[in-house]
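These notes are about the structure you will find just below.
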Ligand SMILES: Cc1ncc(C[n+]2csc(CCOP(=O)(O)OP(=O)(O)O)c2C)c(N)n1
Ligand SMILES: [Mg+2]
């Protein structure tokens, strides 16, 4: 218990909580905290160029380290600019604590300069939020906020701190142990549920593991446990966009991603399975396709830390509430306990091999040096060139994101950072900044679309300031490709406002910020261009020109079942009925 | 294209929450954001140290939606418990209404007579008006108000439902 100013308490609490990095942007309502930071060199403050980028950088930091990301912004516009990243973190369950300045308590509610109702605005896009009216409460609230952000299903927590609370003094206290009065997520699974699950897994003839971001959030041990359980049972594995990396993509039991742009084999196996074991995945509409046709003949086990995810969209036969890692450990123990042996799943694997034989990720391309580059080829080349370098890959949102998910492969968690739930264009580049800050010596590449990149392109300045060797690899198709693809498929190619007009010269832009810029135009230049990027120290932007009108396949059109995948461009229809159009 | 919604049954939920600023906004916001119905909502602080509030929510929906509502409420940080009173067997429900009726002559006498049948109390009177206080299930209150419409009803205030499970146990 020590007497100090609110601002000093904030910084002291961050130190006590082991925070090493804060992403932020100053302003009037947080000047006391900035002054306290000035005196505390142990906390590194990364000055972004826009508060949205601070939140995505914090997400990139969090996803690549497993530790909570911390953001500091001013009141009013600082707080509202942070809202997109806060919402993104909520939907992808990323632990994050956002400190916002607020006008002094005496002015709250008067429409004061740079006042906004931050707790009101963020009430439904945070896991929890606080307005601190008393400096004595700051210590306990800060510690509690980190607890809530990181325990149970992780998520963003906002702490709104009026300026006079930062200036006033109070006593700083650290709660011994956070024993929250109402928030007590169940982390240990029920033994009965585990026993029932193991019996179902052992009896299944056509089982499949369907895993998601919950496995990544449960830490590297959970990924290791998943591998072990999958090996024991001999069952195939597919994963959501958020779960990529939890299971090694070069393993024979890996079927690739499932869902709208997932593989044919993953979606068919989900459809024909007699048992789905969902682990830390939430049956998102991008995954299930048409619900009444979703995996009609399977029993379903759902392991999730969030009870509200269970039976939300797809009714399941067995719910296991708990941490994914602990549940997987318990399943492994129960499997051994009961002396189960892997069943002969030969017939199941033969059917899966039949679906694999469609080679659904193949794409038509010209092979000569002067040919235009297919975007899939560019991703494959990038993957091949960085094998063994253990890169961290971030993406923006659009076709390039799906091509990256399909053709870039991971064998460990925390290497794949993408905005899944909110699908936020402008996420990828600042997320790469955050990941690079956390891992200064690693290779961090943002696979970007030319349109998305422009949503937070101002962060080039941040990268220059902190001398970060971030690489941006633009799949430049000169279109908002994903929008154009939907217009082609659903609106008879009426390309309303989806052309990326008036693009900057990215090479000159690189130059303007002191980066290295290079452009790749033809297939013959691809491999060398990538090598140049990898061999150039410091930040590099690669403007890789790719085929403009390529579409991302396979694809389950909205409102269609897993079995109705479009595999190739010539399967396309140019229109859709209103029911299908109404689906996002 | 038509947009259809599924019908459902009525449930009464008792929700115990931290008595803190913004909690009501959080709960009502959850209902509006996820498209759940609120038919009635009451809230008051219920503990000696003023730390806890009880919110009684009357909602309706198909069983899966009711389950979701409960799970969604339960995961809010300041929520201590959520109980579906229909689940635990019998419960008692009450609502209070203040009903103002104006008029003279036969209508006035009729109003008073019906209030007597419904055991409504007269809590204020002038030469040309009464205010009745009626307590009962929402259904009973509805019926009384419907009758008063014929007898010069001018204003109604209702509390919404409070409810509690029968028997010795607390939720
Ligand atoms: C902030 C935001 N606004 C709009 C969208 C809708 N949207 C999804 S993909 C996309 C186009 C992305 O274009 P680009 O970055 O060039 O990627 P491409 O699809 O061409 O690979 C748009 C506009 C979005 N996801 N996020
Ligand atoms: Mg594009």
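Chains as they are written, first to last, in the numbering used here: chain Y, 14 to 597; chain X, 1044 to 1214. Positions of the beta carbon are idealized from the N, C-alpha and C atoms, including for glycine.
Rounded straight-line distance, which links the Cα of residue j to that of residue i
i               : j               : result
residue 542(Y)  : residue 436(Y)  : 29 Å
residue 472(Y)  : residue 1045(X) : 45 Å
residue 322(Y)  : residue 192(Y)  : 24 Å
residue 559(Y)  : residue 1051(X) : 52 Å
residue 337(Y)  : residue 526(Y)  : 43 Å
residue 509(Y)  : residue 522(Y)  : 28 Å
residue 1124(X) : residue 1212(X) : 14 Å
residue 296(Y)  : residue 267(Y)  : 19 Å
residue 97(Y)   : residue 185(Y)  : 32 Å
residue 317(Y)  : residue 339(Y)  : 11 Å
residue 194(Y)  : residue 1066(X) : 15 Å
residue 119(Y)  : residue 151(Y)  : 18 Å
residue 402(Y)  : residue 395(Y)  : 11 Å
Short CB-CB distance (under 7 Å) between residue i and chain Y
i               : result
residue 1106(X) : no
residue 1016(X) : Past the boundaries of the shown model lies residue 1016(X); chain X is included only from 1044 to 1214, so the question cannot be answered.
residue 1069(X) : yes
residue 1078(X) : no
residue 1051(X) : no
residue 1114(X) : yes
residue 1072(X) : yes
residue 1120(X) : yes
Beta strand (DSSP E) segment containing residue i, residue limits
i               : result
residue 312(Y)  : 312–317
residue 223(Y)  : 220–224
residue 115(Y)  : 109–115
residue 1134(X) : 1134–1145
residue 1056(X) : 1052–1061
residue 1112(X) : Here residue 1112(X) belongs to no beta strand (DSSP E); instead the alpha helix (DSSP H) covers 1106–1117.
residue 172(Y)  : 169–175
Residue span of the alpha helix (DSSP H) that contains residue i, given as start and end
i               : result
residue 396(Y)  : 388–399
residue 276(Y)  : Taken as a continuous stretch (DSSP letters only), residue 276(Y) belongs to no alpha helix (DSSP H), as it is neither H nor E.
residue 21(Y)   : 19–29
residue 1069(X) : 1066–1077
residue 183(Y)  : Note, residue 183(Y): premise wrong, no alpha helix (DSSP H); beta strand (DSSP E) at 182–185.
residue 94(Y)   : 90–104
Candidates the options: closest to residue i by CA position
i               : options                            : result
residue 457(Y)  : 41(Y), 187(Y), 244(Y), 70(Y)       : 70(Y)
residue 446(Y)  : 534(Y), 483(Y), 414(Y), 324(Y)     : 483(Y)
residue 93(Y)   : 171(Y), 349(Y), 500(Y)             : 171(Y)
residue 235(Y)  : 462(Y), 464(Y), 442(Y), 427(Y)     : 427(Y)
residue 161(Y)  : 237(Y), 110(Y), 566(Y), 514(Y)     : 110(Y)
residue 548(Y)  : 79(Y), 444(Y), 529(Y), 123(Y)      : 529(Y)
residue 95(Y)   : 121(Y), 50(Y), 80(Y), 37(Y)        : 37(Y)
residue 1173(X) : 1197(X), 1056(X), 1162(X), 1101(X) : 1197(X)
residue 431(Y)  : 373(Y), 76(Y), 511(Y), 114(Y)      : 76(Y)
residue 132(Y)  : 202(Y), 112(Y), 125(Y)             : 112(Y)
residue 175(Y)  : 183(Y), 128(Y), 481(Y), 202(Y)     : 128(Y)
residue 571(Y)  : 91(Y), 377(Y), 499(Y), 261(Y)      : 499(Y)
residue 360(Y)  : 300(Y), 248(Y), 443(Y)             : 248(Y)
residue 206(Y)  : 477(Y), 347(Y), 122(Y), 91(Y)      : 347(Y)
Cut-off 6 Å between Cβ atoms - residues of its own chain near residue i, not counting five sequence neighbours on either side
i               : result
residue 1114(X) : none
residue 418(Y)  : 254, 270
7 Å Cβ cutoff, residue i in contact with chain X
i              : result
residue 321(Y) : yes
residue 325(Y) : yes
residue 161(Y) : yes
residue 196(Y) : yes
residue 164(Y) : no
residue 150(Y) : no
residue 315(Y) : no
residue 141(Y) : yes
residue 190(Y) : no
residue 137(Y) : yes
Chain-ordered chain C contacts of residue i [CB-CB under 7 Å]
i               : result
residue 1123(X) : The question asks about chain C, but that chain is absent: this structure's protein chains are Y and X.
Close beta carbons around residue i, own chain, < 7 Å, minus the five adjacent residues each side
i              : result
residue 561(Y) : 490, 491, 492
Same chain only: Cβ atoms within 8 Å of residue i, ignoring 5 sequence neighbours per side
i               : result
residue 1093(X) : 1062
residue 576(Y)  : 280, 281, 284, 306
residue 287(Y)  : 217, 218, 219, 220, 310, 311, 312
residue 330(Y)  : 213, 312, 313, 314
residue 99(Y)   : 68, 109, 111, 135, 138, 139, 169, 171
Cβ-heavy atom distance, residue i to ligand 4, below 6 Å
i              : result
residue 114(Y) : In the structure on display, ligand 4 does not appear, and the ligands it does have are ligand 1 and ligand 2.
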